[in-house]
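One structure is given below, encoded as structure tokens.
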Amino acid sequence: MTDDQSHSRAVASLRGLAVGDAVGACYFIPLNQPLLPDRRLPPDPWYWTDDTEMACSVFTVLRDLGRVDQEILARSFADHHDFDRGYGAGVNRMLRLIRQEGADWREQAAGMFDGRGSWGNGAAMRVAPLGAWYGAGDLDRVAAEAAASAEVTHTHPEGVAGAVAVALAAALAATTDLTGYEFLDEVAERTPPGLVRDGIGNAMTLLPLSDPRSAAASLGNGRYISAPDTVPFCLWVAAKRLGDFEAAFWDTALVGGDIDTTCAIVGGVVAARVGVEGVPEGWRKRCEALPEWAGVG
Ligand SMILES: [Mg+2]
Numbered sequence: 001m002t003d004d005q006s007h008s009r010a011v012a013s014l015r016g017l018a019v020g021d022a023v024g025a026c027y028f029i030p031l032n033q034p035l036l037p038d039r040r041l042p043p044d045p046w047y048w049t050d051d052t053e054m055a056c057s058v059f060t061v062l063r064d065l066g067r068v069d070q071e072i073l074a075r076s077f078a079d080h081h082d083f084d085r086g087y088g089a090g091v092n093r094m095l096r097l098i099r100q101e102g103a104d105w106r107e108q109a110a111g112m113f114d115g116r117g118s119w120g121n122g123a124a125m126r127v128a129p130l131g132a133w134y135g136a137g138d139l140d141r142v143a144a145e146a147a148a149s150a151e152v153t154h155t156h157p158e159g160v161a162g163a164v165a166v167a168l169a170a171a172l173a174a175t176t177d178l179t180g181y182e183f184l185d186e187v188a189e190r191t192p193p194g195l196v197r198d199g200i201g202n203a204m205t206l207l208p209l210s211d212p213r214s215a216a217a218s219l220g221n222g223r224y225i226s227a228p229d230t231v232p233f234c235l236w237v238a239a240k241r242l243g244d245f246e247a248a249f250w251d252t253a254l255v256g257g258d259i260d261t262t263c264a265i266v267g268g269v270v271a272a273r274v275g276v277e278g279v280p281e282g283w284r285k286r287c288e289a290l291p292e293w294a295g296v297g
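Taken in order, the sequence shown gives residues 1 to 297; the numbers are from the UniProt record's numbering.
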């Protein structure tokens with residue numbers, strides 16, 4: 001595996017993530033009053049949100065170092081933090097304190113939610129390019145690096161597990177041809193025990209369902225912004241739609257919830273399989289360009 005291959009796989013995943021995020025964000029309705037997409041694309045341009053901004057930091061750290069350095073990743077999150085990109089209140093505060101007051105990211109992350117740490121879906125939403133970068137050759141490494149990337153903001157074991165599961169999925173999408181049950185089985189095997197992994201197990205039993213709304217009724221749709229409420233459904237869609245970016249997007253958006261994040265996760269995983277060319281060109285063109293500092297044009 002060359003660095004070139006890692007780079008191009010990660011860029012494909014990042015582009016798919018950004019398109020999913022940006023189109024999905026058009027359907028996001030605060031307070032989860034779902035406006036169900038009717039498969040007509042929204043007016044452009046489509047602007048990406050915090051999911052993409054943070055994923056660009058994950059990508060650039062890997063590109064520059066070939067591994068996750070938590071200090072540098074925290075610094076990049078803080079330096080590139082744009083308040084208006086839809087961050088959650090806790091992360092907004094944390095990144096502002098790091099940037100403006102030199103706060104320690106370890107203390108900030110560990111102190112979230114009265115010291116329990118965040119189990120939100122924010123570590124999972126940005127991590128697909130990491131899985132694509134490494135590929136499936138060393139899945140233990142993927143899990144370890146994903147956990148390191150998560151801990152910078154999400155220290156609760158479920159928040160970490162969500163990121164590990166998505167990174168494993170992107171790694172398997174990038175360099176294997178697994179789909180469906182076997183795909184989810186491989187992900188579940190290395191996901192730490194807990195609600196996220198239980199949810200992936202549940203997703204495996206629900207693969208025969210064809211309606212994503214039925215799956216989401218059991219697996220969640222991100223409405224609670226937690227990793228266990230978000231990741232299993234995303235991986236259910238990915239397992240069924242790994243070869244078809246558009247179908248995966250609509251299946252994900254259809255169920256409402258935290259749509260920019262669910263579509264970012266699914267977009268990042270599916271694009272790791274189908275490549276940049278598999279992300280519809282018209283969608284890519286109508287999406288806001290990635291930030292210049294990410295260096296991917
Ligand atoms: Mg977002």
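Cβ atoms here follow ideal geometry from the backbone N, Cα and C, with glycine treated the same way.
Identified DSSP bridge partners for residue i
i: residue 120; result: 226
i: residue 56; result: Bridge partners of residue 56: none, in fact.
i: residue 345; result: Any answer about residue 345 is impossible in this case: the structure gives the chain only from 1 up to 297.
7 Å Cβ cutoff met for residue i and residue j
i: residue 16; j: residue 49; result: no
i: residue 74; j: residue 152; result: yes
i: residue 142; j: residue 165; result: no
i: residue 212; j: residue 254; result: yes
i: residue 148; j: residue 13; result: no
i: residue 279; j: residue 173; result: no
i: residue 146; j: residue 132; result: no
i: residue 58; j: residue 72; result: no
i: residue 264; j: residue 51; result: yes
i: residue 103; j: residue 97; result: yes
i: residue 206; j: residue 181; result: no
i: residue 159; j: residue 225; result: no
i: residue 286; j: residue 105; result: no
i: residue 24; j: residue 259; result: yes
i: residue 78; j: residue 93; result: no
i: residue 176; j: residue 242; result: no
i: residue 296; j: residue 11; result: yes
i: residue 201; j: residue 161; result: no
As assigned by DSSP and simplified to three states, the class of residue i
i: residue 48; result: coil
i: residue 31; result: With a pLDDT of only 46 at residue 31, under the threshold of 50, the placement of this residue in the model should not be trusted; the figure read from the coordinates follows. Residue 31 falls in the helix class under three-state DSSP.
i: residue 181; result: helix
i: residue 142; result: helix
i: residue 130; result: helix
i: residue 97; result: helix
i: residue 191; result: coil
i: residue 156; result: coil
i: residue 1; result: Annotation note: pLDDT 45 at residue 1 (below 50); position unreliable, no value reported.
i: residue 112; result: helix
i: residue 212; result: helix
i: residue 297; result: coil
i: residue 260; result: helix
i: residue 199; result: helix
CA-to-CA distance, residue j to residue i, given in whole angstroms
i: residue 262; j: residue 251; result: 10 Å
i: residue 282; j: residue 111; result: 43 Å
i: residue 109; j: residue 155; result: 6 Å
i: residue 129; j: residue 290; result: 14 Å
i: residue 31; j: residue 4; result: Summary for residue 31: the model assigns pLDDT 46, below 50, so the residue's position carries little reliability; its value from the coordinates is reported in the next sentence. Going by the C-alpha atoms only, they are around 42 Å apart.
i: residue 43; j: residue 22; result: 11 Å
i: residue 214; j: residue 240; result: 14 Å
i: residue 191; j: residue 157; result: 11 Å
i: residue 339; j: residue 39; result: The question about residue 339 has no answer, for the chain in this structure spans 1 to 297.
i: residue 245; j: residue 266; result: 9 Å
i: residue 126; j: residue 292; result: 18 Å
i: residue 237; j: residue 113; result: 30 Å
i: residue 124; j: residue 118; result: 12 Å
i: residue 41; j: residue 249; result: 11 Å
i: residue 27; j: residue 257; result: 9 Å
i: residue 167; j: residue 84; result: 26 Å
i: residue 216; j: residue 116; result: 27 Å
i: residue 134; j: residue 122; result: 21 Å
Chain B contact for residue i (CB, 7 Å cutoff)
i: residue 65; result: No chain B appears in this structure, which consists of one protein chain only.
Given 8 Å, three or more beta-carbon pairs between the region 131 to 144 and the region 228 to 238: The region 131 to 144, when compared against the region 228 to 238, does not touch it at the 8 Å Cβ threshold.
Three-pair Cβ contact test at 8 Å for the region 266 to 280 versus the region 203 to 221: With the cut-off at 8 Å, the region 266 to 280 and the region 203 to 221 do not touch.
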